[in-house]
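Be aware that the sequence shown starts at 11, since it is given in this note's numbering, and climbs by one per residue.
Beta carbons: idealized from backbone N, C-alpha and C, even for Gly.
Here the structure is a predicted model, which means the values were calculated and not measured.
Only one structure is covered here, and it is reproduced in the block below.
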Amino acid sequence: LSRMTGALWQSSFVAAMFALHPLNVESVAWVSERKNVLSTLLWLLTMWSYIRYAETPSIKRYGLMTLIFALGLMSKPMLVTLPFILLMMDYWPLRRLKFEQGQGSVEIIEKHEDKKAGFMQLVCEKIPLFLLAAGAGIVTFIVNIYVQTIEMISLSNRLTNATVSYLEYLEKTAWPKGLAIFYPHPGNALAAWKGILCG
């Protein structure tokens with residue numbers, strides 16, 4: 011984070027929040043949640059290798075980034091969003107977009123000024139990553155079809171639970187109370203209006 015942004019204290023704060031926040035305790039205390047720690051490590055390594063690729067593009071660096079990303083997808087499918095994050099990083103803090111104005115750390119701007127590219131060029135650059143993410147999404151979807159508990163819960167109940175969970179996790183991030191080892195799916199217990207309101 012510090013290498014990307016040039017902001018040491020803000021980067022240190024983010025790292026401390028990740029290391030010390032109570033929401034992350036289960037990843038350390040509960041062995042079956044080790045996938046969170048592993049996927050986060052591979053996420054950060056993918057970002058690190060992407061920064062190195064952006065600084066000095068080469069097939070070797072791109073291949074390393076793609077390999078780490080593939081390993082991350084195998085540890086936890088949540089990494090399917092990472093190619094979009096890399097596109098956001100092209101805008102800020104890497105400032106690789108041609109139309110983007112030079113703002114922020116002078117060191118970061120100077121480092122990437124000669125490597126700016128158009129938006130579609132940056133999207134095309136990430137096509138292999140999008141293909142890997144799509145493949146992981148398809149595999150995850152197929153596996154979930156065969157899980158009996160997923161079949162017993164309707165799509166509307168799963169969507170309601172997802173939207174309510176987003177807000178509950180935001181609440182737990184700001185005020186971590188009521189944390190537990192296991193959060194069972196509420197099934198049909200959530201009212202549809204609650205899901206719509208949270209959505």
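Item	Value
Mapping the DSSP letters down to three states, classify L207 as helix, strand or coil.	helix
Mind checking N198: buried by the 16 CB within 10 Å criterion, or exposed?	exposed
Where does K136 land, buried or exposed, given buried means 16+ other C-beta within 10 angstroms?	buried
Would you call the CB atoms of L11 and V24 closer than 8 Å?	yes
Spell out the partners DSSP gives L107 in its beta bridges.	A127
Let's test the definition: count the other Cβ atoms within 10 Å of the Cβ of N154 and tell me whether it reaches 16, buried, or not, exposed.	exposed
Roughly how many whole angstroms lie between the Cα atoms of Y60 and L177?	31 Å
Go ahead and pull the three-state DSSP assignment for G82.	helix
Using the three-state DSSP reduction, which class does K136 fall into: helix, strand or coil?	coil
Drop a sphere of 10 angstroms on the beta-carbon of T170, count the other beta-carbons inside from all chains shown, and report buried for 16 or more, exposed for fewer.	buried
Excluding the 5 residues flanking L97 on each side, which residues of the same chain have their C-beta closer than 8 Å to its C-beta?	L132, V133, K136
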